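Residue numbers (the working numbering), protein chains in the order written: chain A, 1 to 115; chain B, 1001 to 1110.
Virtual Cβ for every residue (Gly too), placed ideally from N, Cα, C.
Note that this is a predicted model, so its numbers are computed, not measured.
So, in structure tokens, the structure goes:
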């Protein structure tokens, strides 16, 4: 089954404790992206990757890191989480970002709480 | 700037039509999208419209685009309880960047 998986789905952690949220897709997609969803703000892009070893900042990259060593995986790293990073995080992938009418496939989301 | 705005809530009765509105600012947008997010799930693409079209119909869904006013709407005919979700409009503008709106929570009441 074609899908985007994220782990963990739920995470409660404390300020300053490094964490990684994994994202994996089995569709051989080139483009992958991370978003955070906050009430009243919609989805805001954190980082994206056009292909292996190519990553770029989105709208809200501060406090986050990513890597794209393999096509299928795009982990999101919070080196020193803070309470303002409490949010719902989504990973997404698509075949190519520039294909007209392309669809982004979303993972199920990771709800992160930083105390 | 690239702002995409939507009203936060909409409540309709089952069987009525729902109209969800969206305004955007990037006049170079080539494609505009509607995504649906059901509770506890990620977003799924519902439909999209190319910027040179005024209207697109797909079963119960009708998308209207007014380029002059930069206004996009999604009409759901015969709204059902299964349509309760958050609906996001999104646009592709300069640099092929996909920008999402704030989302509209649709509540369908019996």
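Any idea which residues DSSP pairs residue 1036 of chain B with across the strands? Answer by DSSP bridge pairing, in chain order: B:1044, B:1087.
Classify residue 81 of chain A as buried or exposed, calling it buried when 16 or more other Cβ atoms lie within 10 Å of its own Cβ. By the 10 Å Cβ count, residue 81 of chain A comes out buried.
Length of the line joining the Cα atoms of residue 41 of chain A and residue 1101 of chain B: Distance between the alpha carbons of residue 41 of chain A and residue 1101 of chain B: 8 Å.
Quickly, what does DSSP pair residue 106 of chain A with across the bridge? List them, please. The partner list for residue 106 of chain A (beta bridge, DSSP) reads A:92.
Exposure of residue 1029 of chain B, with buried meaning 16 or more beta-carbon neighbours within 10 Å: Buried is the call here.
Mind listing, in chain order, the continuous beta strand (DSSP E) runs of no fewer than 3 residues lying wholly within the segment 23 to 60 of chain A? Contiguous beta strand (DSSP E) elements confined to the segment 23 to 60 of chain A occur at 31 to 38, 42 to 51, 54 to 57, taking only those with 3 or more residues.
May I ask you to report which of helix, strand or coil DSSP gives residue 84 of chain A? Reduced to three states, the DSSP call for residue 84 of chain A is helix.
Within the 8 Å Cβ cut-off, does residue 1 of chain A reach chain B? Judged by the 8 Å Cβ criterion, residue 1 of chain A is not in contact with chain B.
Tell me, please, whether the CB atom of residue 1074 of chain B is closer than 8 Å to any CB atom in chain A? No - not a single Cβ of chain A is within 8 Å of the one on residue 1074 of chain B.
Chain B contact residues for residue 79 of chain A, given Cβ-Cβ distances below 8 Å: In chain order: nothing, as chain B lies at least about 25 Å away.
Chain A partners of residue 1103 of chain B, CB-CB under 7 Å? The answer, in chain order, is 42.
What number of angstroms, rounded off, separates the C-alpha of residue 28 of chain A from the C-alpha of residue 107 of chain A? Approximately 15 Å, taken between the alpha carbons.
Consult DSSP for residue 1081 of chain B and reduce its assignment to one of helix, strand or coil. Helix.
Between the CA atoms of residue 112 of chain A and residue 7 of chain A - distance to the nearest angstrom: Their backbone Cα atoms lie some 11 Å apart in a straight line.
Please report how far the alpha carbon of residue 1017 of chain B lies from the alpha carbon of residue 104 of chain A, in whole angstroms. Distance between the alpha carbons of residue 1017 of chain B and residue 104 of chain A: 27 Å.
By Cβ distance, which residues of its chain are closer than 6 Å to residue 1088 of chain B, with the 5 residues on each side in sequence left out? Hits under 6 Å: 1035, 1100, 1101, 1103.
Inter-stretch contact at 8 Å, needing at least 3 Cβ pairs: the segment 8 to 18 of chain A / the segment 67 to 83 of chain A: With the rule of 3 Cβ pairs closer than 8 Å, the segment 8 to 18 of chain A counts as touching the segment 67 to 83 of chain A.
Just the chain B side, please: which residues come within less than 7 Å of residue 107 of chain A by C-beta, in chain order? Within 7 Å Cβ-Cβ: 1042.
Same chain only: Cβ atoms within 8 Å of residue 45 of chain A, ignoring 5 sequence neighbours per side: Around residue 45 of chain A: 33, 34, 35, 58, 59, 60.
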